[in-house]
Amino acid sequence: MTEFTPFSSLFGGALIGLAAVLLMLFHGRIAGISGIISGIFPPWVNKDELGWRIAFVIGLVLAPVFYQTLTGQSIKHVVSNDLGIMISAGLIVGLGVGLGSGCTSGHGVCGIPRLSMRSIIATITFMSFGIMTVYIIRHVIGG
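Count along the sequence shown from 1, then add 16; that gives the number in the working numbering.
Written out as structure tokens, the structure is:
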């Protein structure tokens, strides 16, 4: 079972919210990770925005390393060893991002505070499917 970590979760959520606010304040952009990453690669690359996009992604990668160095605690994560599952999951997520016109961070972190009905519906949809997926994997399939 997943450990309940209210203080770490609250602190992490506050940092994500702060990053979203700062990105909007300084660049007028939504902190949607799928949009930020896609803007690094052709044909969507915009050379004027490339610097902050790369810095944002580097920050996402280095933040866990910084946390581990600062606290001395290892970061627990589980990734499947099954390549087929990983590829399928990536394709499903990519399809969802395309159909939903954005990702969880864009809709959930940035869209809901702006009272975007599209983001509210998208967030309810992906949270519902996430809950159902965890339930099926943990309680029906028994993973």
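Ideal Cβ placement from N, Cα and C applies to all residues, glycine included.
Top-ranked residue by Cα proximity to residue i, from the options
i: Gly29; options: Cys126, Gln89, Ile52, Val61; result: Cys126
i: Ile128; options: Ser24, Ser25, Gly33; result: Gly33
Rounded straight-line distance, which links the Cα of residue j to that of residue i
i: Ala71; j: Val156; result: 41 Å
i: His43; j: Gly67; result: 12 Å
i: Gly110; j: Ile49; result: 12 Å
i: Val81; j: Ile74; result: 11 Å
i: Gly114; j: Ile153; result: 24 Å
Contact set for residue i: own chain, Cβ-Cβ below 6 Å, skip 5 residues either direction
i: His123; result: Ser135, Ala138, Thr139
7 Å CB neighbourhood of residue i in its chain, flanking five on each side removed
i: Arg45; result: Leu39
Enclosing alpha helix (DSSP H) for residue i [first to last residue]
i: Ile91; result: Taken as a continuous stretch (DSSP letters only), Ile91 belongs to no alpha helix (DSSP H), as it is neither H nor E.
i: Arg134; result: 133-151
i: Pro22; result: 22-43
i: Val113; result: 99-115
Exposure label - residue i; buried when at least 16 CB within 10 Å
i: Ala105; result: exposed
Close beta carbons around residue i, own chain, < 8 Å, minus the five adjacent residues each side
i: Ser90; result: Gln84
i: Ser6; result: Residue 6 lies beyond the stretch modelled for the chain, which goes from 17 to 159, so this question has no answer here.
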